[in-house]
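Residues 0 to 480 (numbering that gives the first Met the number 0) make up the sequence shown, in order.
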Amino acid sequence: MSTNNIWTHKGTFLLAAVGSAVGLGNLWRFPYLAGENGGGAFLLVYIVTLCIVGVPILIAEILLGRSSRRSPIMGMRFLSRTHKASRAWESIGWLSAAAALIILSFYSVIAGWALHYTWRMLTGALIDADAATVASGFESLLASPSLLTLYHTLFIAASGLIVGLGVHRGIENALRLMMPALLVILLVILTYSVMHGDMPAAADFLLTLQLSDLSFEGWLAAMGQSFFTLSLGMGALMAYGAYMPGKASLSRTALAIVIIDTAVALIAGLAIFALVFGAELDPAEGPGLMFTTLPLAFTEMPGGSLIGAVFFVLVIGAAISSAISMIEPVAAFLVERFDLSRAQSVAIMTIACWGLGLLSVFSFNVWASDSPFHTALSISAFELMELLTHILMPLGGLMVALFAGWALTHGEIMKELQTSEGWLHTWRFLVRFVSPAAVAFIFLRAIPQIEGYLIPLIGAVVIVGAFAASRLFRAKHQPKH
């Protein structure tokens, strides 16, 4: 990788990583999952899992990117060779590329819904609308393949344009503008919620610890959300880490990413639930919270249409900052491997995602009741894409943890982390044993058919993985005679 692609300021990596992490997961998925699973109890499990699973793997993924100074695919090829490891570890790069491609394909469709609601709010189309009207409007949107395709196309084209302009002119400049702007908008929404919503009820719901309200399913959802919120296992942080200046503190930066990402999710949750409770609506609405319950809440408040439009602009901006992080790893690989121009590589990635995204578009309408996926798997194309990402991302994260924990030498890790021996040993223990166990849990839980064998399988995966990794890398750590 050319040194010209190093971020011009060490703080830019933080903006990029936060932009990758802060997206629909914070503004859409976190609030509705918390609403369905008891609020404060969900938040507790979420934060604990972030600390013992998210942070160690986050550091590992960035560390691999900065060590290789290459795209995830080429970087893992380089690291496997230089550490005399099996070529099977190169699959980390390919798994992350597949995850990014699939996620962006349906992520772009969901982000397109926010484009639709921004326009509806700006035009005042939802003023004085009742619950039935709002729900019917959302159903009409999903039933229209032409509208969904239009929004999907606009969103992915805008994201591709930013990445196509390059690391500095495109990604860096866009993030420097977008991330502060998104923070300001989020604070505006929070202020509005304090003034016109029921903030005490929201705080009580989201912050009061009631472990009895958290089911086993909710506990699993909190673990999964803590992993997926940081964009682990899809190559974005590895790709951005390759551009990270060598003098920037990796540990402090990783901690800052987690704190900011959690703060955004918490602020968004408080703001959204304050509006929901203020309008006396149901906080446990599920996935429809943002696109049916929240628009209804805005229509019942002063200046709600304008603030609603501002909120959906926030959603679009957060989604774009995440989308560009999904395009970059694959685009960077195409540039490195095939010597394509950045414009060509980005065009290939975005066109592929756009085409794959049409499967999700049609799953809501044309193929809603009858499709090849329903016939073969009894699920829609959209549900299949979600299922694949819930397998690919944890599997990639598991392999990143094992490779970083067992393949990299003490000296390499110390050079990159620039930290104390105590933290290095703590991180290494977490990334070798604790994080893989938790990620194996998340990974195996994504496959419904194995639920009855979940605990034995987790134990087997972790024991076999740790043993194989230790045997694989033991020879390189033994002293030479």
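Every residue gets a Cβ at the ideal spot worked out from N, C-alpha and C, and that includes glycine.
Note on geometry: alpha-carbon atoms of Ser-340 and Leu-280 lie some 51 Å from one another. Using a Cβ distance threshold of 8 Å, Met-233 and Ile-102 count as a contacting pair.
Going by DSSP, Tyr-242 is part of no alpha helix (DSSP H) at all; its letter is neither H nor E. The stretch 334 to 352 and the stretch 80 to 89 do not touch, with fewer than 3 CB-CB distances between them shorter than 8 Å. Gly-64 is positioned such that its CB atom lies closer than 8 Å to that of Gly-240. Annotation for His-424: the continuous alpha helix (DSSP H) segment containing it runs 420 to 428. Ranking Pro-393, Ala-40, Ala-33 by CA distance to the CA of Ser-434 puts Pro-393 first. Per DSSP, Met-325 is one residue of the alpha helix (DSSP H) stretching across 303 to 337. Excluding its 5 nearest sequence neighbours in each direction, Leu-14 has C-beta neighbours in its own chain below 6 Å: Leu-174, Met-178, listed in chain order. Straight-line spacing of the CA atoms in Thr-122 and Val-309 works out to 13 Å. Proximity to Ser-321 across Ala-330, Ala-142, Leu-229, Ala-380 peaks at Leu-229, based on C-alpha coordinates. Short of 6 Å from the beta carbon of Leu-114, and not among the five residues preceding or following it, lie these beta carbons of its own chain, in chain order: Tyr-150. For Phe-297, the CB contacts under 8 Å within the same chain, skipping 5 residues up- and downstream, are Met-120, Leu-125, Leu-274, Gly-303, Ser-304, Ile-306, Gly-307, Phe-310 in chain order. For His-115, the enclosing alpha helix (DSSP H) stretches over residues 90 to 121.
Annotation: Ser-192 to Leu-26 spans about 15 Å, alpha carbon to alpha carbon. Straight-line measurement puts the Cα of Ile-319 at about 8 Å from the Cα of Gly-22. For Phe-215, the uninterrupted alpha helix (DSSP H) run begins and ends at 215 to 227, by DSSP. For the 8 Å CB-CB criterion, Ile-61 and Thr-349 do not form a contact. At a Cβ-Cβ threshold of 8 Å, Phe-29 and Ala-264 count as neighbours. Counted as a single uninterrupted DSSP element, the alpha helix (DSSP H) harbouring Ser-66 occupies residues 54 to 67. Judged by their CB atoms, Leu-249 and Glu-415 are nearer to each other than the 8 Å cut-off. When the five nearest sequence neighbours on each side are left out, the beta carbons in the same chain lying within less than 6 Å of the beta carbon of Ala-437 are those of Val-52, in order along the chain. Judged by DSSP secondary structure, Ala-128 falls outside any alpha helix (DSSP H); it is assigned neither H nor E. In the same chain as Val-312, and ignoring 5 residues on each side of it, the C-beta atoms closer than 7 Å to its own belong to Thr-117, Ile-184, in chain order. Around the beta-carbon of Ser-158, 16 or more other beta-carbon atoms lie within 10 Å, marking it buried. Annotated three-state conformation of Met-233 is coil, per DSSP. Residue burial is scored here from C-beta neighbours: Pro-199 has fewer than 16 other C-beta atoms within 10 angstroms and is therefore classed as exposed.
By the CB criterion at 8 Å, Glu-327 and Ile-170 fall inside the cutoff.
Secondary structure at Ile-266: helix, using DSSP grouped into helix, strand and coil.
The residue among Ala-180, Ala-262, Leu-206, Ser-324 with its C-alpha nearest the C-alpha of Tyr-242 is Ser-324.
Annotation for Asn-172: the continuous alpha helix (DSSP H) segment containing it runs 172 to 195. For Phe-432, no alpha helix (DSSP H) segment is defined, and its DSSP state is neither H nor E. DSSP, reduced to helix, strand and coil, places Pro-282 outside both helices and strands of the structure shown, so it counts as coil.
When the Cα atoms are used, Gly-395 and Pro-301 turn out to be separated by approximately 47 Å. Straight-line spacing of the CA atoms in Ala-180 and Glu-35 works out to 30 Å.
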